[in-house]
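Here is the structure we will look at.
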Amino acid sequence: MQMLLLKKVSIVGIISFFAFCCLTGFSADKNIQVKQAVPVWADGREKELNLNLGFRAIFTAKTGQDVKIKISASTIYRVFMNGKFIGSGPARAAHGYFRIDEYPVGQFVKEGENVLAIEVAGYNINSYYTLDQPSFLLAETEINGKVVLATGSGQDFEAFQMKERLQKVERYSFQRPFSEYYRMKEDYDRWRTSSKIAVEKLKLTQFPTVRLLPRNVAMPEFEIQEPVVIHSKGTVKKIIPQNYHKDRALTGIGKTLKGFTEEELEVYPVSQEIQEIVTASQEVINKTIISGEKWRLKKDEYNIYDFGTNFSGFIGTRLKCSETTRLILYFDEILIDGDVKTKQRQSDICNHIVYELQPGEYDLETLESYTFKYLKVIVLKGECQIEKIYLREFAWPDNKKAFFASSNDKLNKIFNAAKQTFRQNAVDVFMDCPSRERAGWLCDSYFSSITERELTGHSAVSYNFLENYALPERFAFLPEGMIPMCYPADHNDGNFIPNWSLWFILQVEDYARHGGDPELIARLKPRIEKLLTYFSGFENEDGLLEKLERWVFVEWSKANEFVQDVNYPTNMLYSAALASAGSLYGNTEWIKKAEDIRKTVLHQSYNGDFFVDNAVRENGKLKITGNTTEVCQYYAFFFNLATPDSHPELWKKLVYEFGPDRNDTVAYPDVFRANAFMGNYMRMDILSRYNLQSRLIMEIQDFFYPMADKTGTLWEHMQSYASCNHGFASYIGHVLYRDILGIKDIDYMNKNITIRFTDLTLEWCKGSIPVGEEVIELEWSRSNNTIQYALQIPLGYNVKIENESSARLIPIK
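The number in our numbering is simply the position in the sequence shown, starting from 1, with 22 added.
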């Protein structure tokens with residue numbers, strides 16, 4: 023891996039200003055600040071749990087004027103102009119910091135009176151997704167550069183409690199805040215379009231100025247996706263189960279995990295009710311939906327809608343109720359036995375939205391973003407006519423310049439799934455999944471950050487992600503020097519993954535080496551110094567980490583059971599992190615320590631056949647166990663402790679006897695199988711490093727095509743029992759660029775591009791990678807023993823061609 027090259031990367035003068043702007047994605051809006059607005063909230067209620075407020079302001083304007091809205095909030099908001107949805111935010115930042123969003127809204131302004139409506143959910147709850155901080159809204163509107171509305175400037179904004187969203191409800195999950203449950207009357211939303219609709223005004227209090235940051239990252243385009251097929255229809259009935267599953271998000275509420283206890287809830291927990299609702303009858307239809315098609319549902323009837331792809335965003339519907347109606351929107355990424363059964367697949371999330379509706383017409387849309395391919399609409403009381411079902415995407419804008427196509431349709435589908443997976447997991451930080459957690463996890467972020475450069479042409483999300491780690495003085499609830507396993511997040515229980523902080527160092531070094539912001543890299547130096555000081559306290563007499571605290575994580579496999587007392591994959595990672603930090607900041611002591619650890623692990627862990635996962639302390643001495651996993655072998659080769667030359671027999675076993683086709687009940691049953699995260703991804707890189715693309719192309723299809731074909735996204739595990747949309751998995755897009763298309767490496771700092779041709783069972787391949795606003799385009803075709811290729815590169819870049827194939831190369835001018 024390039025990350026292990028001990029090439030010194032200076033943090034001063036690391037990159038030209040042009041290259042910096044190109045890669046980070048900064049533009050003139052970097053200095054966006056408010057002019058007059060100050061934070062406001064309902065008097066004395068800024069720490070109240072799950073308080074949802076509506077803010078309305080009226081201004082006059084003329085068509086054609088330059089009108090802009092600037093908004094920051096705690097916790098989340100959505101904004102409307104004259105009833106038109108404008109956006110949702112804000113982008114997340116570290117504790118005590120808040121990012122500003124700016125919306126140009128001139129196209130939505132009408133002559134005369136205009137209504138600006140902002141809804142804010144103040145959660146005041148610890149989670150992995152949003153921060154537990156006092157609620158506020160800060161907003162102002164400019165017309166031709168002059169402020170005409172600003173929170174805190176008198177009577178510009180009026181506020182009221184949005185009581186239609188029930189306040190005392192259960193959490194969506196352990197990792198996310200509250201679920202959504204609504205009681206509504208017709209015209210509940212008319213306040214967004216008219217100043218004449220009276221609201222119960224609340225007294226607003228101003229708060230001290232908050233520390234503001236620019237958004238930096240692109241705003242989602244909020245595109246509308248509608249279902250493509252009505253999968254089935256049927257009826258439901260209620261059956262009381264013998265046993266209810268109650269997740270920790272319901273039973274564990276207390277000082278450590280905030281929320282409402284089961285006794286405090288306003289309604290019976292829907293996580294329990296959904297276990298009582300079972301399908302009584304089902305008719306599979308699989309009929310393509312005609313535009314404008316309507317559906318009528320009566321009591322205990324349902325429809326299941328298929329969106330064709332696993333999307334993330336806000337669920338919307340337009341419907342008419344002829345009588346009092348109660349309906350549930352129940353959704354999931356896959357079907358089980360042809361039905362939506364989230365609680366059987368993932369019992370720890372509340373994939374359901376409840377609406378209690380009085381007779382009337384409604385346009386409904388969730389405040390929070392959710393992830394699904396299938397949506398089951400169930401009417402439990404009354405009846406309604408559904409006139410429209412949709413999802414408003416909450417995803418990174420699609421860069422059309424990021425393109426891949428080949429003569430192999432399976433590879434094309436995998437690339438599109440990688441692109442879709444990335445978009446949904448990179449709205450503002452690199453997330454693990456857009457569903458259960460929406461959390462900015464380390465390690466996942468290392469792989470996602472590499473993907474970002476090639477799918478967007480920038481490193482804007484990388485900048486925000488790393489800046490969030492640079493800003494706090496320290497992290498509450500964690501030991502001195504340790505950093506959160508995911509962030510921005512609240513870790514009240516004190517849990518952390520020490521391994522993930524080591525991947526953080528690798529991510530910073532990779533960011534720096536590919537043209538990252540030198541000022542940010544310098545700001546991260548003290549963080550990394552303190553982190554390595556923390557780890558030094560766990561070094562034993564051999565210099566290896568021993569008995570690390572908390573959740574020692576190697577991989578989602580048997581390897582996680584062999585993490586004490588000395589875990590060798592962790593020490594391989596530690597060596598790599600020390601080498602990367604030493605290279606980045608010119609610290610020769612770290613580099614020497616890295617090499618010493620490498621030699622010690624090599625001596626202790628390798629038993630002549632395989633690398634062993636761990637050693638335990640018995641009677642004061644370390645005893646090497648016989649615990650052996652597939653992923654441990656990949657760690658050894660990934661971090662260059664082993665090579666095909668140094669360990670030829672092990673290498674042959676890994677290449678030809680391991681991989682997706684291994685029957686681990688027969689072939690090496692004592693070497694426990696690797697999983698997607700992260701062993702199989704390490705395997706991809708190792709095969710690439712040693713020019714085994716012909717094998718790699720087969721394994722990519724075996725590993726990832728079933729995922730891409732089933733959901734259009736890539737999964738957390740090799741099986742579908744957890745998230746089917748996981749950010750790190752988009753890394754396979756980078757692999758396809760590198761190993762199939764052949765754009766092996768882009769040296770952004772020195773402006774060098776390496777193209778590598780290998781022997782592949784493809785007739786042709788073409789693709790492009792954006793570099794800032796420019797693009798690298800490569801197209802090739804193979805016939806017999808000849809490869810013809812055409813290449814276009816950005817101005818000022820140089821090209822090196824490596825021919826590792828058996829064919830003759832012919833460039834096309």
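All C-beta atoms, glycine included, are put in the ideal place defined by N, C-alpha and C.
Bear in mind that the values here come from a model prediction, so they are computed numbers and not experimental data.
Whose C-alpha, out of Pro381, Val251, Asp359, is nearest the C-alpha of isoleucine 307? Val251
Rounded to the nearest angstrom, how far is the Cβ of glutamine 446 from that of serine 334, given a contact under 8 Å? 4 Å
Within 10 Å of its beta-carbon, does alanine 482 have 16 or more other beta-carbons around it, so buried, or fewer, so exposed? buried
Quick one: any contact between the segment 121-141 and the segment 189-202, if contact means 3 or more CB pairs under 8 Å? no
DSSP puts aspartate 361 in a beta bridge; with which residues? Ile358
Where aspartate 51 and leucine 171 are concerned, what is the direct C-alpha to C-alpha distance, given to the nearest angstrom? Only weak support is given to the placement of aspartate 51: the predicted model assigns it a pLDDT of 44, under 50, and the value that follows is read from those uncertain coordinates. Looking at the two C-alpha atoms, the distance is approximately 20 Å.
Taking just the CA atoms, how far does lysine 268 sit from isoleucine 262? 14 Å
CA nearest to the CA of methionine 740, picked from Phe699, Tyr712, Cys787: Phe699
With DSSP run on the structure shown, which of helix, strand or coil describes proline 833? strand
Output needed for glutamate 323: all residues of its chain with C-beta closer than 6 Å, excluding positions within five of it in sequence on either side, in chain order. Thr257, Val401
Short check: CB of alanine 95 to CB of proline 510, under 8 Å? no
Grouping DSSP H, G and I as helix and E and B as strand, with all else coil, what is asparagine 609? coil
For leucine 553, the nearest candidate out of Asn434, Phe526, Tyr712 (CA to CA): Phe526
Cβ pair count under 8 Å reaching 3, the segment 389-398 against the segment 752-768: no
Going by other Cβ atoms of all chains shown within 10 Å of its Cβ, with 16 needed for buried, is glutamine 297 buried or exposed? buried
Would phenylalanine 502 and tyrosine 556 be called neighbours here (beta carbons separated by less than 8 Å)? In the sequence as displayed, the identity of residue 502 is glutamate instead of phenylalanine. In this structure, tyrosine 556 lies closer than 8 Å to glutamate 502 by Cβ.
Would you mind working out which of Ala427, Thr592, Val588 sits nearest glutamate 640, comparing C-alpha positions? Val588
May I ask you to verify whether the segment 653-662 touches the segment 562-582, counting CB pairs closer than 8 Å and requiring at least 3? yes
Who are the near neighbours of asparagine 697 in its chain, counting only those whose CB is closer than 7 Å to its CB and skipping five residues on each side? Glu577, Trp578, Ser579, His739, Met740
Run through the segment 260-294 for me and flag every whole alpha helix (DSSP H) of 4 or more residues, listed as ranges in chain order. 270-273
Coarse secondary structure for glycine 76, derived from DSSP in three states: strand
Starting from serine 96, follow its DSSP beta bridges and name the residues at the other end. Phe158
Neighbourhood of arginine 545 by C-beta, 7 Å cutoff - its chain only, sequence neighbours within 5 removed: Ala492
For threonine 473, the three-state DSSP class (helix, strand or coil): helix
For the beta strand (DSSP E) that asparagine 820 lies in, which residues bound it at each end? 820-825
Start and end of the alpha helix (DSSP H) containing tryptophan 673? 670-679
Coarse secondary structure for glycine 749, derived from DSSP in three states: helix
Glycine 462 by DSSP, collapsed to three states: which one? coil
In this structure, what does DSSP give as the bridge partners for threonine 650? Val693
Nearest chain B C-beta to tyrosine 150 closer than 8 Å, yes or no? Chain labels in this structure do not include chain B; a single protein chain is all it has.
If we require 4 or more residues per run, which alpha helix (DSSP H) segments fall completely within the segment 337-415? 364-367
Helix, strand or coil for phenylalanine 526, going by three-state DSSP, please let me know. helix
Which word fits lysine 57, buried or exposed, when buried means at least 16 other C-beta atoms lie within 10 angstroms of its C-beta? exposed
Under 8 Å Cβ to Cβ from serine 710, same chain only, skipping five residues before and after it: list those, please. Leu718, Val757, Arg760, Asp761
How would you call glutamine 715, buried or exposed, if buried means at least 16 neighbouring beta carbons within 10 angstroms? buried
State buried or exposed for serine 303, treating a residue as buried only when at least 16 other CB atoms are found within 10 Å of its CB. exposed
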